[in-house]
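The block underneath contains the structure these notes are about, expressed in structure tokens.
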Amino acid sequence: MIQLKNVSKKFSNNGQKPVQALKETNLVINQGEFVAIVGPSGSGKSSMMNILGMLDRPTSGEYYFENREINTLSEDELASIRNKKIGFVFQKFHLLPKTTALENVELPLLYSDRKNIRGLALDALKQVGLEERATHRANELSGGQQQRVAIARALVNEPEIIFADEPTGNLDSASGQEIMKIFQELNEAGKTIVLITHDLTIAAYAKRTIQIHDGIVNEN
Amino acid sequence: MNKKETLKSSLRILKRNKMRTFFMVLGIIIGVASLSITFTIGRGFQKQITERAKKYLGSSDILVTAVKIKLEGKSVDNNLVSSLTIDDLKAIASEIPLVSTYAPVQFLPNCEIIAGNKNISTSVRGSSATGQIVWNRGVIKGDYFDDAEELNATRVALIGTKIAETLFGESDPIGAQIRIGDVPFTVKGVLEPKGIDPHGNDMDFDIVVPITTMMKRLMNVDYIAMAKIVISDENRMDEAVSGITAVLNERHHITNGESDFLILTPTFVKEKIKEMTKVFNVFLPLISLIALLAAGIVIVVLMLMSVNERISEIGLRKAVGARSKDVVSQFLIEVSITSLLGGIIGITIGLICFKVFCSIIKISFFIPWQIYVFGVLLPILVGIIAGIIPARKAAKYNPIEALR
Ligand SMILES: Nc1ncnc2c1ncn2[C@@H]1O[C@H](COP(=O)(O)OP(=O)(O)OP(=O)(O)O)[C@@H](O)[C@H]1O
Ligand SMILES: [Mg+2]
Chain A
10 MIQLKNVSKK
20 FSNNGQKPVQ
30 ALKETNLVIN
40 QGEFVAIVGP
50 SGSGKSSMMN
60 ILGMLDRPTS
70 GEYYFENREI
80 NTLSEDELAS
90 IRNKKIGFVF
100 QKFHLLPKTT
110 ALENVELPLL
120 YSDRKNIRGL
130 ALDALKQVGL
140 EERATHRANE
150 LSGGQQQRVA
160 IARALVNEPE
170 IIFADEPTGN
180 LDSASGQEIM
190 KIFQELNEAG
200 KTIVLITHDL
210 TIAAYAKRTI
220 QIHDGIVNEN
Chain B
15 MNKKETLKSS
25 LRILKRNKMR
35 TFFMVLGIII
45 GVASLSITFT
55 IGRGFQKQIT
65 ERAKKYLGSS
75 DILVTAVKIK
85 LEGKSVDNNL
95 VSSLTIDDLK
105 AIASEIPLVS
115 TYAPVQFLPN
125 CEIIAGNKNI
135 STSVRGSSAT
145 GQIVWNRGVI
155 KGDYFDDAEE
165 LNATRVALIG
175 TKIAETLFGE
185 SDPIGAQIRI
195 GDVPFTVKGV
205 LEPKGIDPHG
215 NDMDFDIVVP
225 ITTMMKRLMN
235 VDYIAMAKIV
245 ISDENRMDEA
255 VSGITAVLNE
265 RHHITNGESD
275 FLILTPTFVK
285 EKIKEMTKVF
295 NVFLPLISLI
305 ALLAAGIVIV
315 VLMLMSVNER
325 ISEIGLRKAV
335 GARSKDVVSQ
345 FLIEVSITSL
355 LGGIIGITIG
365 LICFKVFCSI
375 IKISFFIPWQ
385 IYVFGVLLPI
395 LVGIIAGIIP
405 ARKAAKYNPI
415 EALR
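Chains A and B are the protein sequences, given in the same order.
Here the first sequence stands for residues 10 to 229, where the numbers follow this note's numbering.
Here the second sequence stands for residues 15 to 418, where the numbers follow this note's numbering.
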């Protein structure tokens, strides 16, 4: 499903010396996998996820998503793939604050041609067990609940793959475990999940672990 | 992009950022309200003057005034000249078949009108028996003077309703004796009430006597001040005007363009009115446009602030599938809704003020079509022009930077 061939990412901030965040990375992720990418802070985990999630393009190398090389695709085509095939969960949740849980979940559907937006969003909230909070505003929810709303938002357009960058980083361990159980259930239901974390107990939920150090990938 | 849902979500966003929305709407309201107030008031004045002028000069009427004119009618001496005569009018009527009737005018300002122990000061006008048709004003009591009375320079007078009221109160003025200055007259009729003329004079204080009486007994002159000529076909106005000009030029021996009469037609008056109301129709609305421009600047500033506040929202929208043009159109939809709202409130305020103004200057309320341009198209245009820069800026954000 996903294949990276010699992918590198270099950040060259004006004036400062360039940072090589990913070095000649090769990686294959198949449909239905639950992969954890682990590594210390600054090792290149987020850079990797941004490239895998098509939020950023590699400096060099090739990235095949469902056998299409994404470098040949325009920004609008990438936006459309992100909308239809990819779901994101971020460490900081990134919900629209004064907006209800339901409306937050609806957001990806605004950019799709799906009908019955409200119904689909409610179903997604049901999947994360938050249908009772549908009309609560995001800022009225606990951290764990907010992250569940974010997961519902990632799920709502039925993506092939979900990328989660430190999804438990801002949560206490109890709500972190709850979130991880949701990911586990989703994976059991067939979704491909890529989880980024520096916490090995969280990584233990995944079936496969990839280590990353100074931009270099190591699989054990 | 799902249009209905996007619109709904824009409305929610505007509702949730009440302060920002309020100031954007307020800016547009001020601009549009001042624009529509100044513009409609101009239109109101124009309508008022035009309505008054119509009473005075119908579409088949021509006014000939005896004034000195230099340089092809460009500059007008205010001094009346003494060269226009009743014989000129007779010549015009006999030489131009298009002329159906006419009435000469001569007046005397500030005359003392005395009846018993009451008196009033007003101007007296001399007219002919045709005056009631030509000026479209008959009598509501008594009779108009006739050709014989005109021929004999009889001392009869027609008085306006307000003069009748002032001098005679409730009692019947017909047949009563009055004096105009030292000359005694008999009241023959009471003129139909007419209200205010284009110069702002109350026509119900008019007093009309036969033109001959006026010339011989009150003024001792052999010329008239002006005449109104009525033609039988209003579509042949130009032909009539050039005919009258030719007759008068010949009779007054005018060759070098330094004429001694001025011909006023309804078209000419319309142009004059437009010129007079230009300050309202052009200059004041132009100044109000500055208010709208200021509103545009307010929108730019507030939207740039809004874009900065919403960087992470923009990043998120892009991450979940918004294309750059979706982000641009979202911001433009937001600004269009605000501007339209401001525009509609603005013209509503403008029209309410105009309605009050109409009742003050006593004209019937109307809505000039330009109001819809000012209230709907212009604000949306201002909003979109002002919004495009912030919207483009928003669309340029890279989602990963925006989400950090
Ligand atoms: N936009 C950028 N400009 C310049 N350097 C960057 C940029 N993004 C990341 N980097 C650098 O690339 C390296 C990898 O960063 P990255 O965010 O991928 O690390 P990470 O593994 O996600 O770390 P953390 O666990 O702290 O989130 C770091 O040295 C970082 O400073
Ligand atoms: Mg990171």
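For each residue, glycine too, the CB sits at the ideal point set by N, CA and C.
Check your understanding: Got a sec: does ligand 2 put a non-hydrogen atom nearer than 7 Å to the Cβ of SER55 (chain A)?
Key -> yes
Point to revise | Inter-stretch contact at 8 Å, needing at least 3 Cβ pairs: the segment 227 to 239 of chain B / the segment 119 to 126 of chain B | key: yes
Check your understanding: Going along the chain, which residues of its own chain have a beta-carbon closer than 6 Å to the beta-carbon of ILE60 (chain A), five neighbours each way excluded?
Key -> PRO67
Exercise for review: Flag this pair as yes or no: are the beta carbons of ILE171 (chain A) and ILE202 (chain A) separated by less than 8 Å?
Suggested key: yes
Review point. How about SER142 (chain B) and PRO118 (chain B): do their beta carbons lie closer than 8 Å?
Key: yes
Check your understanding: Would you say SER21 (chain A) reaches chain B, if we count a Cβ-Cβ gap shorter than 8 Å as a contact?
Key -> no
Check your understanding: Straight-line CA distance for VAL81 (chain B) to LYS202 (chain B)?
Key -> 32 Å
Point to revise | Beta-carbon proximity check, VAL222 (chain B) vs GLY156 (chain B), cutoff 8 Å | key: no
Practice item. Keeping to the same chain, check which residues put their C-beta closer than 6 Å to that of LYS132 (chain B); ignore five residues upstream and five downstream. Key: LEU181
Point to revise | Contact the segment 113 to 120 of chain A vs the segment 334 to 341 of chain B: 3+ CB pairs below 8 Å | key: yes
Check your understanding: In this structure, does DSSP put SER17 (chain A) in helix, strand or coil?
Key -> strand
Review point. Of all Cβ atoms in chain A, is any one closer than 8 Å to the Cβ of VAL334 (chain B)?
Key: yes
Point to revise | Euclidean distance between Cα positions of LYS376 (chain B) and VAL148 (chain B) | key: 26 Å
Review point. Roughly how many angstroms separate the alpha carbons of ARG193 (chain B) and GLY364 (chain B), rounded to a whole number?
Key: 51 Å
Point to revise | C-beta neighbour in chain B for GLN97 (chain A), strict 8 Å | key: According to the sequence displayed, residue 97 (chain A) carries Phe and not Gln. So, interface residue.
Review point. Is HIS103 (chain A) near ligand 1, judged by its Cβ being under 7 Å from some heavy atom?
Key: no
Exercise for review: Ignore the nearest five residues each way along the sequence and tell me which others in VAL283 (chain B)'s own chain have a CB closer than 7 Å to its CB.
Suggested key: ALA67, LEU71
Point to revise | chain B contact for LYS107 (chain A) (CB, 8 Å cutoff) | key: yes
Check your understanding: On the three-state DSSP scale, how would you describe ASN263 (chain B)?
Key -> helix
Review point. Are the segment 338 to 349 of chain B and the segment 17 to 37 of chain B touching by the rule of at least three beta carbon pairs closer than 8 Å?
Key: yes
Review point. Measuring CA to CA, which of A:PHE192, A:THR177, A:ILE191 is closest to GLY185 (chain A)?
Key: A:THR177
Point to revise | Residues near GLN155 (chain A) by beta carbon distance below 8 Å, same chain, minus five either side | key: PHE102, LEU104, ALA147
Point to revise | contact_flag[the segment 268 to 283 of chain B, the segment 243 to 259 of chain B] where n(CB pairs < 8 Å) is 3 or more | key: yes
Review point. Can the beta-carbon of ASN96 (chain A) be found closer than 8 Å to that of PRO168 (chain A)?
Key: Residue identity differs from the one stated: residue 96 (chain A) is Gly in this sequence, not Asn. Going by C-beta atoms, GLY96 (chain A) is nearer than 8 Å to PRO168 (chain A).
Practice item. Determine whether the Cβ of GLU323 (chain B) lies closer than 8 Å to any Cβ atom of chain D. Key: Absent from the structure: chain D. Protein chains present are A and B.
Practice item. Determine which residues share a DSSP beta bridge with CYS125 (chain B) and list them. Key: B:THR136
Exercise for review: For SER3 (chain A), count neighbouring Cβ atoms within 10 angstroms of its own Cβ and tell me buried if that reaches 16, exposed if not.
Suggested key: Not covered by the structure: residue 3 (chain A). The range shown for chain A is 10 to 229.
Review point. Touch check for the segment 50 to 60 of chain B and the segment 324 to 331 of chain B: three-plus C-beta pairs under 8 Å?
Key: no
Check your understanding: Are the C-beta atoms of HIS207 (chain A) and some chain B residue less than 8 Å apart?
Key -> no
Check your understanding: Can at least three beta-carbon pairs, one atom from the segment 305 to 316 of chain B and one from the segment 396 to 406 of chain B, be found at a separation below 8 Å?
Key -> yes
Check your understanding: Looking at the structure shown, is THR115 (chain B) part of a helix, part of a strand, or coil, going by DSSP?
Key -> strand
Point to revise | Residue span of the alpha helix (DSSP H) that contains TYR70 (chain B), given as start and end | key: 32 to 70
Exercise for review: Output, in sequence order along the chain, the residues in the segment 56 to 75 of chain A whose CB is closer than 8 Å to any CB in chain B.
Suggested key: ASN59, GLY62, LEU64, ASP65
**Study point:** Backbone secondary structure at THR68 (chain A) - three-state DSSP
**Key:** coil
Exercise for review: Within the same chain, show all residues whose beta-carbon is closer than 6 Å to that of ALA173 (chain A), passing over the 5 residues directly before and after it, in chain order.
Suggested key: VAL98, LEU204
Point to revise | Beta carbon of VAL255 (chain B) nearer than 8 Å to that of ILE76 (chain B) | key: yes
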